[in-house]
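Here the structure is laid out as structure tokens; the discussion comes afterwards.
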Amino acid sequence: MKFSTIAIKNFKVNLKKYLSYFLCSSFSIMLFFMYATLLFNKSLKDGGEKEVINIIFFMSLTVIALFSVFFINYAHTAFVKSRYKEFGIYMTLGMTSKDIRKIILIENSFIIASSFVTGLVSGVIFSRLFQMVVASILDLQGIEYSLSLFSFALTVGVFAIVFLLVLTLSRLHTRKLEIGELLSAARKNEKEIKAKLLPGILGFVILVVSLAAFVIVSDNDTLNTNPVFVIINILLIFTGVYLTIANAGMAVLAMIKGNKKSYYQNVLLVTEITSKFNQNKKIIFVLSILSSMIVFFVASPFSLFSLAEKISGMNQPNHIEYASVYGVNNLSDAKLAEILKSSPTPLEKQNRIEFLALGFHNDAGVTDKMNAKPVINVSAYNQYTNSSITVTNGQVYNAIISWEPGNFGIAPGSMLTVGGKKLTVTESKRAPWVSSSSSFLCNSGLVVSDEDYQALRSANQNSVGVFHTFMFKDWKNTQKTIDELTAAVKAENAKITPAVANGDKLITVISRILAYTELKKAYSLFIFVTAVMGLLFFIAAGSVLFFKQYTETESARQKYDKLYKIGLVKKEAKGIITKELLVTFFSPLIFGSVMGYSFIYYMTHLVGGQDVMKEFMIFATVVVAAYFLFQSVFFFLTRKKYMDEVLKKY
Amino acid sequence: MKVLNTKNITKVYGGKEDAGSTRALDGVDLSVEAGEFVGVMGPSGSGKSTLLNILSGIDIPTTGNIEIDGRSITTMSKDELALFRRQKLGFVFQEFNLLDSLTLKENVMLPLILDKKDSAYMEEKIKEIMSLFEIYHIKDKYPHGVSGGQQQRAAVSRSLVSDPAIVFADEPTGNLDSKSSNAVMRLFTKMNTERNSTILMVTHDAFAASFCKRIIFIKDGKVCMEIVSKGDRKEFFDRILDCLAVIGGEKNEI
């Protein structure tokens with residue numbers, strides 16, 4: 103009988119213990135591989151904004167790799183620990199700790215090799231399946247499945263490092279193995295917990311303060327774009343959560359020990375929960391972060407997706423619009439009427455709003471592609487935007503249409519020369535406008551008094567233009583009309599002299615449906631990447647919990663066997679187990695949801711502020727609720743299985 | 587007064603009466619009076635542990651009836667049995683069976699806690715019992731921080747804390763050296779004489795058994811012999827060894 107024979111024999115006998123470790127490793131590899139195939143998917147990369155997608159995938163891969171280090175290390179440690187007694191016996195029989203490490207290494211090589219095979223094979227199958235399903239659900243066109251050698255190489259490379267790291271850590275751990283310690287390892291697993299309230303409160307205070315600070319940072323336009331501030335703040339939140347979790351056990355103990363009666367009555371539960379927090383603080387912490395990622399990753403893209411209609415509505419107040427100016431887009435009334443008449447959905451409102459496309463002198467000019475801004479008179483402005491502003495002679499009102507905050511160089515109080523006339527800027531802020539910013543490319547429009555407008559008009563006859571705006575009964579059914587209008591306008595523009603011909607590329611027919619379709623397409627891709635990430639994290643979090651419960655079953659059974667002999671009734675045992683499981687299943691969810699909400703709060707401030715806040719929060723709540731629901735199902739299933747195992751005697 | 591009375595207990599493992607089944611107990615009748623200190627001895631595989639498990643309601647007999655403190659435990663449900671155990675029975679096990687997550691004090695208190703007793707009463711009770719067994723000064727330590735003998739004393743204290751009708755002890759000296767064994771057996775004697783506790787102890791250790799007042803020998807699942815102490819422990823010890831020799835126990839084990 104050779105040394106390797108022992109290792110092989112062990113492998114057969116301990117199959118169950120190996121299985122969970124093996125599954126954890128395979129799962130991590132599969133997960134990583136699925137993302138790696140996305141990273142190297144050509145059609146996906148060429149599809150849209152290359153850099154953003156690359157960054158998202160790169161981040162995802164990093165997160166998965168980090169997660170794998172933790173996850174596999176955890177599985178590995180649990181696996182090695184479960185065998186301490188066996189190692190102790192080997193050592194009493196004369197094995198050196200070097201031999202033990204050799205056994206560990208041989209066994210691990212088996213597990214690692216087989217996890218690579220399983221992980222990669224299942225990764226190939228699942229990534230294909232998964233891309234097909236997601237692409238069809240989200241109606242993503244042009245995404246083809248491709249397997250690249252790079253994704254294999256990357257996965258193998260990264261996980262070689264991960265396993266090397268885990269084995270090195272394990273080696274440090276098993277460097278000085280003592281027979282006595284090994285043999286009594288199972289007995290010594292419970293550490294004494296001191297009752298202390300202060301560290302827990304401190305952690306909680308840090309958490310609350312950092313969350314409050316995060317809200318303040320999010321609200322502040324200069325701070326929320328400062329990465330240093332944001333990262334420090336997020337790290338502070340994590341620290342607060344960790345300290346709270348790490349000291350929760352001691353705090354619970356301290357709080358309840360004051361009251362002797364309730365302490366004694368709940369001594370089993372209290373010690374159970376405190377030791378749960380103490381033993382599992384790292385797991386609960388990591389699960390909290392995973393949960394926050396799940397909430398964030400799932401809620402934000404779906405909110406954006408569902409907001410596509412609203413955002414396109416905000417960006418495009420009119421269902422269809424185009425500007426005719428400088429002789430461009432000069433469609434005859436008859437032709438226009440003909441097109442509108444054949445529209446599948448009835449026209450409800452049609453406006454012709456006259457404006458002047460006037461050049462202006464100001465450094466703001468660099469941000470306007472046409473080097474001109476549309477100018478309308480205050481009566482027309484109030485009429486078509488349902489506003490009631492007053493602009494007197496010599497004044498100009500700057501209505502900002504674009505989404506980005508800032509006044510684009512036109513500050514209130516400054517002077518602006520428009521069409522040769524000097525005017526004082528009264529206000530410069532986000533305000534409604536008669537058209538979108540796209541039909542006549544500009545980030546703001548100007549409003550002047552009726553008198554000034556007349557004067558400007560007679561001085562700049564060539565700059566007179568008209569916004570044609572149309573509202574239909576059903577804007578989603580306007581594609582045909584848009585196509586016809588675009589064709590008609592194009593035909594018209596082909597007739598004009600080349601001097602202004604370039605204008606027709608910038609002054610086009612704009613529609614809400616087009617904007618909406620564009621947004622949806624962009625967000626779909628976002629969902630595709632992040633929601634799946636959230637889903638995978640959900641699975642990962644679930645596996646960690648399941649694995650934890652699984653490894654604890656044996657010692658729990660021993661414990662409840664003892665209690666059975668003393669006379670614990672099944673109902674009481676069930677009560678304790680239920681509450682104990684509630685802690686491990688739901689405390690990460692609570693911490694995670696709080697963090698998830700704060701990340702989403704931050705996110706809304708980056709994308710658009712108050713306008714989209716409500717939708718984001720509603721979606722986050724839906725996701726949190728759904729998460730609690732799923733977790734509850736998972737909780738009940740695990741509890742059933744766990745109780746069946748642990749309370750066999752009862 | 588009879589505290590424990592059994593009639594014709596049998597236990598068959600692995601299906602009834604087929605070829606693969608094992609008859610662990612084969613019609614055991616025994617009775618224990620209040621205040622008695624009874625030992626059950628027998629060679630390995632004689633059915634000692636099965637008997638104890640059945641008497642204490644942890645295992646269920648195939649046939650037969652067991653009455654403890656006037657109540658038949660064979661008809662009880664599992665939950666009723668659990669309640670009965672924590673109120674009427676005390677246990678001392680070979681492996682102590684202390685919970686690692688609780689202090690010695692909390693471990694001792696556990697049966698009372700399960701029974702939702704008043705905390706002042708519990709404090710008083712454990713003070714009395716733990717002082718009696720000289721572990722009150724280490725009451726706030728955890729099991730892994732004290733010696734095996736101290737752990738066993740805590741286990742003994744726990745078995746008495748609810749003033750049980752009878753204490754069952756399963757090889758209570760099995761994990762201890764001879765000095766600690768001696769100490770623990772003196773505790774049992776103390777329990778028996780000072781507190782007038784009824785004790786039924788299963789052991790294969792003749793030295794430990796010599797502390798008992800009466801010893802029942804079982805072999806192949808049947809009661810085969812019974813001896814009663816005349817007061818002199820040395821003389822009783824010799825008689826135990828003789829009996830073991832007769833029924834084929836481990837004689838050379840002291």
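Those protein sequence lines, which keep their order, are chains A and B.
FYI, the numbering for the first sequence is 103 to 752, going by my numbering.
FYI, the numbering for the second sequence is 587 to 840, going by my numbering.
All C-beta atoms in this analysis are idealised placements derived from N, C-alpha and C, irrespective of residue type, glycine included.
Closer than 8 Å to chain A by CB, residue i
i, result
"B:F803", "no"
"B:E692", "yes"
"B:S705", "yes"
"B:D655", "no"
"B:R781", "no"
"B:M777", "no"
"B:I715", "no"
"B:L762", "no"
"B:M708", "yes"
"B:M787", "no"
"B:P750", "no"
"B:N594", "no"
"B:F719", "no"
"B:R772", "no"
Which listed residue (the options) has its alpha carbon closest to that of residue i
i, options, result
"A:K716", "A:N175, A:A401 and A:N368", "A:A401"
"A:S170", "A:R203, A:L345 and A:L125", "A:L125"
"A:I679", "A:I692, A:G669, A:F693 and A:K661", "A:K661"
"A:F129", "A:I174, A:L621, A:I191 and A:V115", "A:I174"
"B:S767", "B:D791, B:E821 and B:L667", "B:D791"
"B:P758", "B:E681, B:M627 and B:S733", "B:E681"
"A:F181", "A:K650, A:N484 and A:M395", "A:K650"
"A:I318", "A:S689, A:F701 and A:T740", "A:F701"
"B:D806", "B:K799, B:K634, B:I646 and B:L684", "B:K634"
"A:E209", "A:R185, A:S695 and A:A459", "A:R185"
"B:T789", "B:I804, B:V742, B:I640 and B:M662", "B:I804"
"A:S689", "A:A436, A:N382, A:P514 and A:E747", "A:N382"
"A:L638", "A:A675, A:V343 and A:F232", "A:F232"
"A:F172", "A:I598, A:I512 and A:S272", "A:S272"
Closer than 8 Å to chain B by CB, residue i
i, result
"A:T373", "yes"
"A:K298", "no"
"A:R289", "Residue placement at A:R289 is flagged as unreliable, the pLDDT there being 49, under the threshold of 50; the coordinate-derived value follows with that caveat. For A:R289, the answer is yes, since a Cβ of chain B falls inside 8 Å of its Cβ."
"A:Q651", "no"
Local Cβ density within 10 Å of residue i, reported as buried at 16 or more and exposed below that
i, result
"A:L684", "exposed"
"B:S630", "exposed"
"B:S815", "buried"
"A:Q563", "exposed"
"A:F160", "exposed"
"A:I720", "exposed"
"A:F738", "exposed"
"A:F316", "buried"
"B:D655", "buried"
"B:S642", "buried"
"A:K349", "Just to set this straight, residue 349 of chain A is Asn in the shown sequence, not Lys. Result: buried."
"A:I503", "buried"
"A:T107", "exposed"
"B:H723", "exposed"
Residue i CB to nearest heavy atom of the ligand NAP below 7 Å
i, result
"A:S394", "Questions concerning the ligand NAP fall outside what the structure shown contains, since it holds no ligand whatsoever."
(message) Is it the case that the segment 696–709 of chain B contacts the segment 763–782 of chain B, given that we only count it when at least three CB pairs across the two stretches are under 8 Å?
(response) no
(message) Taking beta-carbon pairs under 8 Å, can you tell me which members of the segment 657–682 of chain A lie near chain C?
(response) Among the chains of the structure shown, chain C does not appear; the protein chains present are A and B.
(request) May I ask you to verify whether the segment 571–584 of chain A touches the segment 608–622 of chain A, counting CB pairs closer than 8 Å and requiring at least 3? (result) yes
(message) Quick check for students: name the residue ranges of the alpha helix (DSSP H) that lie wholly in the segment 701–751 of chain B, counting only runs of 4 or more.
(response) 705–718 and 734–746
(request) Output the residue ranges of the alpha helix (DSSP H) runs that lie fully inside the segment 748–833 of chain B and measure 4 residues or longer, sorted by chain position. (result) 764–780, 792–795 and 819–833
(request) Report the residue ranges of all beta strand (DSSP E) runs contained in full by the segment 404–428 of chain A; include only those spanning at least 3 residues, in chain order. (result) 422–426
(message) Between the segment 690–697 of chain B and the segment 732–745 of chain B, can you find at least three pairs of beta-carbon atoms closer than 8 Å?
(response) yes
(message) For the structure I just gave you, are there three or more beta carbon pairs, one from the segment 334–343 of chain A and one from the segment 305–313 of chain A, closer than 8 Å?
(response) yes
(request) Assess, as a yes-or-no matter, whether the segment 428–444 of chain A is touched by the segment 479–499 of chain A under the definition of 3 or more beta carbon pairs within less than 8 Å. (result) no
(message) Is it the case that the segment 551–565 of chain A contacts the segment 472–486 of chain A, given that we only count it when at least three CB pairs across the two stretches are under 8 Å?
(response) yes
(message) Under 8 Å, with one C-beta from each stretch per pair, do the segment 422–436 of chain A and the segment 202–220 of chain A reach the 3-pair mark?
(response) no
(message) Please give the ranges of any alpha helix (DSSP H) in the segment 591–668 of chain B, keeping only runs that are unbroken, at least 4 residues long and fully inside the region.
(response) 634–641
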